[in-house]
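Notes follow the structure.
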Amino acid sequence: MHQEQDFYSHVEERKPSSPRALFDFLYDLAELPRPELLLFENPSELLHQLNKNELRSVFVEASSVSRSIALAVIKQLAKPQINAITAAFDYETIKEKRAEKWQLPALKYTDGILNTAIEHTGIPRSAISLHPHTDDLAWMAFITSFKELKINEKLSQYFNLLKQMPLLSICTKTAVYCLDWPMKSTFNQNWLLHHESDAALKFTNDFIYVWKGVSVTSKLFTAPNKITKEEIISEQNAERRRCYLEILGAKKFANLLELDIRHSEIDAKGNLQVLYRSRDKDLVAKEFLQFAKVVCPSTQREYFLCVPAYLNNCTEAVAWTFGKTPENYKPDVET
Amino acid sequence: MKQFRHGDILIERIDTLPSAQPTENNLLAQGEGRNHGHYIEGDDVEIYLANESGTESHFLNIKTDAKIRHLKIDSKNWTGEHHDISIEPGIYRVIRQREFDPYLRTIRIVKD
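Residue numbers (our numbering), protein chains in the order written: chain S, 1122 to 1456; chain U, 499 to 610.
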């Protein structure tokens, strides 16, 4: 039995948020009537509620209300404070602070939890309110890092209310649909959402499985032995197919597809490339299946790309993936 | 001809610009799942889109030095993957990496 610490590096747990006062504040700021608040514990419940309404009109209205609120936030809260910062500090200090303070919250909350939830729900980004938004947490970390500078009262009030913000909100004229934060989020050392044996995002009664920042089917964790060859081949996203390879392991992955090594060689960057071929002709495709295992020169991630059966070696296969032959595929720079 | 491989795109120098529509969008290829894409950045770069065998292809007329960058779509910050590649002036074709679908017997663009 592995220790949990071996699987991941960071865990964040959150209690349910209570954003009533936050939305009253923002709607007051934008001079809009205070809305009804609908807070959902998980993506499925939010989608169920949204599906009850006319989705398209909700999203169009949300985009417009979001812009009104954003204008009010910029004009009344952000701009006066940014002006004070630019008057008091030089450009280099501001740039350094931004790089130092902005990056981690943006990576954890926006790139990580928010984007994964958006992808999971399929809600258009334009419908997600710009305030409150996970980027506000990055913005807040940046502004409050100028400790010598007094934060204006109204902005300070907003920052205080952000402690109760939901993960995402869709603001219409009469109602705000909110998705609360997952109770538990797990990240790897690089702050990418990740868990090797469980859901990386745990909402109440709803889990999202994420592998090094890429959301994957729960089946890979709950029933890996039931993954089929057809499921792997029909997965068109190369990142996600790479996850199949990493989670199942190269040997199991090749066994599942019943592949043998046809050719292998070391590429110009010193990485092992392998051309695999199915042991038998595929009954549906009526030909041998062939895959090139290639290594990204920058990230060192391995990818399995399906290539035509007539290709004989790795060089031919990699060149073919760019529509080239080995004679006319000679990159001067690769990264 | 000069070739630059930037993850799942290949930028190849060509002699002449084919018939294509100009575009302002400097996002050459958008990744799925992790909110990132390959961008061309430069002071004087003309970007064109052409339909080749049902697939949209980018062509670049780079007039002063430019860079291919891998950036987050939202923040336009560097993703930390694929270093910038400097591209000298010239005409270039952008080729997306592809793979074979043995069941539909078609070629599809790799999405990462």
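Beta carbons: idealized from backbone N, C-alpha and C, even for Gly. If you're wondering where the values come from, they're calculated on a predicted model, not measured in any experiment.
Using a Cβ cut-off of 8 Å (strictly closer), state whether D572 (chain U) contacts chain S. So yes, D572 (chain U) belongs to the interface.
Of all the CB atoms in chain U, is at least one closer than 8 Å to the CB of C1435 (chain S)? no
Have a look at K1372 (chain S) and T1436 (chain S) and give me their C-alpha separation to the nearest angstrom. 22 Å
For chain S, find out if any of its Cβ atoms is closer than 8 Å to the Cβ of P608 (chain U); answer yes or no. In the sequence on display, residue 608 (chain U) carries Val and not Pro. Yes, V608 (chain U) counts as interfacial toward chain S.
Is it true that the stretch 1330-1338 of chain S meets the stretch 1349-1369 of chain S, where meeting means three or more beta-carbon pairs spaced less than 8 Å apart? yes
Can you name, in chain order, every residue of its own chain whose Cβ lies under 7 Å from the Cβ of K570 (chain U), other than the five neighbours on each side? N533, H534, T577
Count the other C-beta atoms from every protein chain shown that fall within 10 angstroms of the C-beta of Y1397 (chain S), then say buried if there are 16 or more, exposed otherwise. buried
Whole-number beta carbon distance between P1140 (chain S) and Q1285 (chain S), since they are thought to touch under 8 Å: 5 Å
Any idea what DSSP makes of I509 (chain U), helix, strand or coil? If DSSP states are grouped into helix, strand and coil, I509 (chain U) belongs with the strands.
L525 (chain U) and V543 (chain U): beta carbons closer than 8 Å? When the beta-carbon positions are compared, L525 (chain U) and V543 (chain U) stay at least 8 Å from each other.
Determine whether the beta carbon atoms of F1412 (chain S) and L1380 (chain S) lie at a separation below 8 Å. yes
So with Cβ pairs under 8 Å, would you call H581 (chain U) a contact of chain S? yes
Cβ contact (3+ pairs, closer than 8 Å) linking the stretch 1190-1200 of chain S and the stretch 1248-1259 of chain S: In this structure the stretch 1190-1200 of chain S lies against the stretch 1248-1259 of chain S, because at least three pairs of beta carbons, one per stretch, are closer than 8 Å.
Can at least three beta-carbon pairs, one atom from the stretch 1321-1328 of chain S and one from the stretch 560-569 of chain U, be found at a separation below 8 Å? no
Residues bridged to D599 (chain U) (per DSSP): U:T604
Please confirm if F1069 (chain S) has its CB atom under 8 Å from at least one CB of chain U. As shown, chain S starts at 1122 and ends at 1456. That puts residue 1069 (chain S) outside it, with no answer to give.
Alpha carbon of T1295 (chain S) to alpha carbon of A1406 (chain S), nearest angstrom: 54 Å
Taking the beta strand (DSSP E) that L1158 (chain S) belongs to, which residues open and close that run? 1157-1161
Start-to-end residues for the beta strand (DSSP E) that takes in L558 (chain U): 553-560
Within a Cβ cutoff of 7 Å, which residues of the same chain sit near I1206 (chain S), ignoring the five residues on either side of it in sequence? I1215, F1267, L1270
Chain U contact residues for T1442 (chain S), given Cβ-Cβ distances below 8 Å: Q595, R596, E597, V608
For I605 (chain U), which residues in the same chain have their Cβ closer than 8 Å to its Cβ, ignoring the five residues on either side in sequence? R596, E597, F598, D599
Please confirm if D1257 (chain S) has its CB atom under 8 Å from at least one CB of chain U. no
Please confirm if the stretch 1296-1307 of chain S is in contact with the stretch 1155-1174 of chain S, defined as three or more CB-CB distances below 8 Å between the two stretches. The stretch 1296-1307 of chain S makes contact with the stretch 1155-1174 of chain S, as at least three CB pairs between them are under 8 Å.
Proximity below 8 Å, CB of S465 (chain U) to CB of R503 (chain U): As shown, chain U starts at 499 and ends at 610. That puts residue 465 (chain U) outside it, with no answer to give.
Please name the residues in the stretch 1378-1409 of chain S whose beta-carbon is closer than 7 Å to at least one beta-carbon of chain U, in chain order. Along the stretch 1378-1409 of chain S, going in chain order, the ones with a CB nearer than 7 Å to a CB of chain U are D1403, V1405, A1406, E1408.
Would T1442 (chain S) and V1454 (chain S) be called neighbours here (beta carbons separated by less than 8 Å)? no
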